Structure formats: C-alpha cells, structure tokens
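Report on the following structure.
Protein chains in written order, with the numbering used here: chain Z, 6 to 335; chain F, 8 to 347.
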C-alpha cells in the first residue's frame with residue numbers, strides 16, 4: 006500500500022510539472038505580445054521594448070519557464086526600480102492589467118468557486134445516485150421512465166439558459182430567493198446556502214443526469230453478477246444485498262468520475278459564475294481571456310489542472326482502499 | 008423410502024421477451040429425497056438452470072410467468088412471501104453456481120462471506136463464533152491453511168479453490184438440499200474430479216440431498232443416483248443412473264450417450280452427433296419437441312409431430328420415458344450404444 010501510494014504521488018508530481026510546462030509554452034507561443042500588455046494606453050514601441058527587457062520577455066522561453074518555476078517555489082519580484090512588485094511564494098505571476106499578483110487574485114476567487122463546487126457536488130451526487138438507484142430498482146416502470154425523461158430534459162438545457170430560467174422563477178417572479186451573491190460560510194452559514202442555492206441547483210440539474218445514468222447502468226449490470234445471485238441465495242435481506250453487493254461495486258466507477266468532475270468544477274464554473282455574477286475563478290479566467298491577461302490565464306489554467314490531477318490522485322488512492330484487487334500485496 | 012426434501016409438480020416457467028414468449032420450462036415434475044443425488048442432464052437452453060433458479064426463488068415473479076408448485080420446507084416457493092423464501096434459502100436449499108470466478112463478492116474476504124451466510128440463520132451468534140465456523144468450513148472443504156485463507160480476498164484463489172469456498176458458503180447452514188448448477192463446468196478436468204469428490208464426501212457428512220445440474224454425462228455417471236434428462240424444458244426420460252447408461256429408454260438419451268467418446272471405443276472417426284439444433288424456445292415444434300431431430304419420428308405416421316407424449320413407466324426397467332415408441336422398441340434402444 007505504501008509503495009502504491011508513493012508511486013501514485015510521484016506520478017502526480019511529474020504530471021503537474023508536465024502540465025505547467027505545457028501551459029506555460031502554449032501561452033508563451035500565443036501571438037499576443039506580453040510586453041505590449043504591460044504598458045497602459047499611451048504606449049510607444051520604445052517603452053514596449055524597454056518593458057520587454059525589464060520583465061525578461063526577451064530571454065529564451067526555457068529561461069523564462071525556469072524563472073516561473075522558481076517564482077512558484079520562492080516568490081518573485083517583477084520589474085525593477087519604481088515599478089517593482091513582489092509576489093510571495095507561491096507566485097504564479099503578476100497581472101499588469103489587474104495590478105495584482107496572480108496568486109492573490111486566485112486566492113480571492115477560490116472560496117467562491119469552492120463554495121459553488123462543494124454545494125453543487127453534494128447536491129448532484131445525492132440526486133444523481135439517489136435517482137439512479139430508484140431508476141434501477143424500478144426498471145421499466147413509471148418511476149424509471151419519469152426519471153429518464155426528466156434527466157434528458159435536464160441534460161439538454163444549456164447552462165446559461167437554465168441559470169436564467171432559475172433566476173427568473175426564483176428571484177424575479179416568486180422572489181423566493183435573493184439574487185445570488187457570495188457570503189462567507191464561516192460568517193453566515195444559512196446566508197451562504199441561500200445565496201448560492203441557485204448556482205448549486207444549476208450545476209445539479211446539469212450534472213446529475215449523467216450520474217443517474219451511470220448509477221442506473223452500474224447497478225443493473227452488477228445485479229446480473231453471479232455473486233449478487235449468490236448473495237440472494239444465501240438468504241440475505243434485499244437491502245443487505247443491495248448495500249454490500251450491488252452498490253459497493255456499482256459506485257466505484259462513479260466515484261472515479263465524480264472525483265474528476267469535482268476537480269474540474271473547482272477549476273471554475275464558467276457559465277454559472279458569469280450568469281450569477283459571482284466573483285469566482287471561472288469569471289477570473291474569462292476576464293483574463295478578454296483582456297489577454299496572460300499571467301492570469303497561465304495561473305488559473307495551472308490551478309485548474311492541479312485540482313484535476315489532485316482529485317485523480319485521490320480517487321486512485323480511494324480505489325486502493327475499496328477494491329482489494331487494486332491493492333498491491335506484500 | 009426416505010423423507011421428501013423437495014417436490015416439484017408440473018412446473019412451468021416462461022418469460023416474455025421482445026421476440027415473444029420464451030417457454031423455458033414446460034411442465035416438469037420430480038421429487039428429491041434425503042441423501043439422494045438427482046442429476047439433471049440436458050443441452051444448453053433445456054431449462055436446467057431456470058429450474059434451479061425457480062427452486063431457490065431467484066426468478067423475479069414480475070418478469071416471468073410460473074405455474075405448478077415447488078414444495079420445499081413446507082412451503083410452495085412459487086406462492087410464498089419473499090420473507091418466507093428468504094428463511095428457506097441457505098437452510099433448506101443452498102446453491103453452488105457454475106462459475107466460481109464470478110460467484111464470490113470481490114470486495115469482501117472469504118471469511119466474511121462465509122460468516123455472513125452463517126449469520127443469516129444464526130442472527131444471535133457472536134463475531135468470534137462466526138469466525139470459528141468460517142475456519143471450520145474452510146478446513147472441511149479442504150483449503151490449506153484456513154487461518155490464512157480466511158482473511159484473503161477471492162481474487163487470491165484459483166478457480167478450484169474458489170469453488171471450494173462457494174461450497175463452504177453453501178454448506179455452512181447444513182442445508183437439506185444442495186443445488187449445484189454445473190459446478191465443475193468452468194474448472195480444469197483434474198480439479199473437476201476433486202470438486203465432485205469433495206461434494207460427495209460432504210454429502211455423506213452433512214446428509215444433504217443434491218441436485219446436480221450438468222451437461223456432462225460422465226459427471227452424472229460418477230455421482231448421481233437418479234437422472235432426469237431434459238430437452239426443451241421437458242422431461243424426456245427419468246431413471247436410475249445405471250439403468251440410464253445400460254438401457255436408455257428415449258431416443259434423445261440414446262443420442263446423448265452415443266455422442267460421448269469412451270475409452271473402449273477404439274473405433275476412430277467422427278463422433279456421433281444428434282442431427283439438427285435444439286429448438287427455439289419461443290416457437291417449440293408441435294407434438295414431441297424432439298421429433299424434428301429424432302430418427303424414429305418419420306416411421307410414426309405423424310404421431311410425433313402432432314401429439315405430445317407423456318411420461319410413462321417402463322415395467323421392465325422402471326424408467327420413465329416420454330416417447331411414442333412402444334415398450335419393446337424403447338428397450339431395444341439400449342442395444343448398439345457404446346458405453347463402458
């Protein structure tokens with residue numbers, strides 16, 4: 006088990022390094038000139054060139070990448086003289102258009118995205134697995150049909166349309182909820198739930214149909230397994246068979262997908278954040294794209310990728326715990 | 008005669024599918040007595056496994072049409088409540104499946120799986136007690152080092168070992184009837200003999216009756232007392248095992264026996280086969296289901312294709328046969344069959 010963990014963690018580290026290099030190179034090779042973005046509206050070619058040298062954009066790409074990595078580890082100072090800015094470790098760069106360190110920008114937006122992701126994730130897993138179970142147990146009968154119709158409808162809504170629809174119903178028409186905003190859960194937990202309920206619902210409606218399908222399929226497939234029949238033939242109660250024999254194996258692949266999905270959602274729920282005007286990482290990335298704010302783009306991409314790699318690692322470890330066949334023995 | 012363990016009367020099972028109604032079992036009747044081993048023989052799709060599932064109450068009543076009766080432990084499995092059937096499973100009847108590779112839950116240690124089966128009928132037993140029972144069962148089915156095996160997972164065992172574990176699970180509550188659905192089909196030939204031997208010795212020890220479902224006549228010859236030959240969900244012939252091999256009293260049985268290669272059959276050449284294929288279970292041929300493949304049907308003036316023969320006892324051998332041929336003709340079937 007220790008060897009398995011070490012291997013996994015090492016692999017994740019190597020993967021992250023590769024991701025950082027790739028991200029850095031992709032954005033460095035874009036036709037946008039990073040030096041041109043560093044001086045405001047009044048810009049002369051001379052100033053651009055001066056900035057280029059000052060900020061090191063004239064150096065070879067790999068040297069720049071080395072500096073970038075060093076910044077992540079030990080912090081970094083951008084520019085010199087009056088225009089000097091220091092960002093503490095881990096520094097992912099400096100945004101000239103927002104006049105702030107990328108790390109602090111991300112640190113500010115991450116709680117918002119995290120809140121949206123966690124609440125949405127919990128809800129979509131509950132609905133996805135719950136309704137999937139009902140569907141499998143009532144296969145072919147009306148609850149199954151109803152759930153499958155509802156989930157196809159849910160699945161086919163574009164996020165922005167669904168979000169607007171929910172806004173209209175719950176905020177404008179029935180005035181049941183306030184317009185979504187971000188409240189820190191440590192200050193006002195109930196307010197946090199209330200303010201984020203609509204984004205959560207949006208994510209739930211979009212994501213759970215997939216999980217309903219996965220759960221239903223996984224359960225039906227497992228139910229045909231010999232060992233499930235043996236469980237019944239032992240005289241076990243229906244619920245015991247369901248819990249220890251069917252769900253246990255049907256849920257394992259779902260957890261894998263869920264880990265990746267959660268990691269991806271943490272990287273920013275772009276549409277949801279934009280429509281509900283929530284200052285999350287998704288919106289930060291979108292803004293960075295429209296402003297050609299390369300440092301922020303590199304930073305958010307890298308953070309999003311890190312989440313995916315991290316949760317992939319966690320699901321791998323989880324696998325080792327729940328499936329004895331994955332474990333490496335002595 | 009010893010005590011009746013199971014009585015199946017006129018059992019019919021059919022499933023509705025998109026293609027039509029599949030008549031898996033078409034009115035079979037048989038008894039199983041204490042300590043007896045009944046072999047049920049037939050080709051794939053002859054309804055053997057469906058019969059086994061029906062006895063265990065494993066067929067979903069919503070998806071199948073069932074009639075007749077299955078009397079087990081004082082209950083009719085076909086009409087009893089799920090709760091009542093649950094009390095029968097494991098104690099009145101237990102099952103060994105065909106493929107040991109997939110019959111064990113991969114996520115639990117084998118010790119837990121045996122203990123769990125014991126707990127069903129001994130809900131007040133302590134964990135310690137169940138552990139001891141599991142150890143004891145593992146030793147009984149001949150696993151080396153039971154104290155180590157008990158904490159291992161199914162994937163750490165070979166097929167033969169897994170089948171032993173499945174047998175341990177089946178016998179842990181000392182069931183009156185053990186249904187073994189092709190228990191050796193998925194195993195290596197050398198392991199097959201070991202498993203059969205194990206089942207027979209445990210039968211001696213536990214006194215269970217056994218229903219052995221197989222398509223392997225060799226297995227039947229080795230372990231069964233009585234044999235029932237099934238074809239298209241019906242009983243073709245039912246007799247004592249020695250009688251079946253000495254004097255088969257149905258053309259289908261004769262065909263089956265003829266298609267086994269035996270050691271003293273020194274003739275080289277093609278193995279005898281029964282011409283044609285088993286019928287579609289959705290549209291069974293009229294009359295005797297075997298008539299399209301039967302070499303005698305042509306000489307019976309269309310009787311075989313119009314009238315379904317019923318089982319009758321042949322006075323000389325005591326076998327039951329469902330065939331329109333007369334007694335003498337049936338008796339003469341045995342001649343010319345090569346067997347040991």
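Heads up, the beta-carbon is just placed ideally off N, CA and C, and yes, glycines get one too. Quick caveat, the model's predicted, so the values are computed rather than measured.
- Under the 8 Å Cβ criterion, the segment 120-131 of chain F counts as touching the segment 229-242 of chain Z, having at least three qualifying pairs.
- For residue 288 of chain Z, DSSP assigns no beta-bridge partner whatsoever.
- Where residue 257 of chain Z is concerned, the enclosing alpha helix (DSSP H) starts and stops at 253-271.
- Remark: C-beta atoms of residue 311 of chain Z and residue 26 of chain Z do not approach each other more closely than 8 Å.
- Within its own chain, the residues whose Cβ lies closer than 7 Å to the Cβ of residue 315 of chain F, once the five positions on either side in sequence are excluded, are 294, 295, listed in chain order.
- DSSP places residue 45 of chain F in the uninterrupted beta strand (DSSP E) bounded by 44-48.
- The alpha-carbon of residue 155 of chain Z is positioned some 14 Å away from that of residue 129 of chain Z.
- In chain order, 238, 243, 297 place their CB closer than 6 Å to the CB of residue 259 of chain F, counting only its own chain and leaving out the 5 sequence neighbours on each side.
- The three-state reading of DSSP puts residue 298 of chain Z in coil, since its state is none of H, G, I, E or B.
- The distance from the Cβ of residue 327 of chain Z to that of residue 98 of chain Z is about 39 Å, inconsistent with a contact at the 8 Å cut-off.
- Shown in chain order are the members of the segment 30-63 of chain F whose Cβ falls below 9 Å from a Cβ of chain Z: 60, 63.
- Contact of residue 97 of chain F with chain Z by beta-carbon distance below 8 Å involves 238, 239, 240.
- In this structure, the alpha-carbon of residue 283 of chain F lies about 6 Å from that of residue 300 of chain F.
- When Cβ pairs closer than 8 Å are counted between the two stretches, the segment 223-239 of chain Z is seen to touch the segment 99-109 of chain F, the count reaching three or more.
- One finds 231, 232, 234, 235, 238 in chain Z with Cβ atoms closer than 9 Å to the Cβ of residue 104 of chain F, taken in chain order.
- Secondary structure note for residue 21 of chain F: its beta strand (DSSP E) is the uninterrupted segment 11-24.
- In this structure, the straight-line span from the alpha carbon of residue 309 of chain F to that of residue 330 of chain F is close to 13 Å.
- A Cβ-Cβ distance of about 4 Å is found for the pair residue 148 of chain F and residue 171 of chain F, placing them in contact under the 8 Å criterion.
- The continuous alpha helix (DSSP H) containing residue 195 of chain Z extends over residues 194-228.
- For residue 123 of chain F, the neighbours in chain Z by C-beta distance under 9 Å run, in chain order, 236, 239, 241, 245, 249.
- Per DSSP, residue 228 of chain F is one residue of the alpha helix (DSSP H) stretching across 224-230.
- Along the segment 49-119 of chain Z, the alpha helix (DSSP H) occurs as fully enclosed runs of 4 or more residues at 50-60, 66-79, listed in sequence order.
- Residue environment for residue 324 of chain F: buried (at least 16 other C-beta atoms within 10 angstroms of its C-beta).
- The shortest C-alpha to C-alpha distance from residue 125 of chain Z to any of Z:268, Z:295, Z:299 is the one to Z:268.
- Using a Cβ distance threshold of 8 Å, residue 21 of chain F and residue 72 of chain F count as a contacting pair.
- Residue 329 of chain Z belongs to the set of residues whose beta carbon lies under 8 Å from a beta carbon in chain F.
- Where residue 244 of chain F is concerned, the enclosing beta strand (DSSP E) starts and stops at 241-247.
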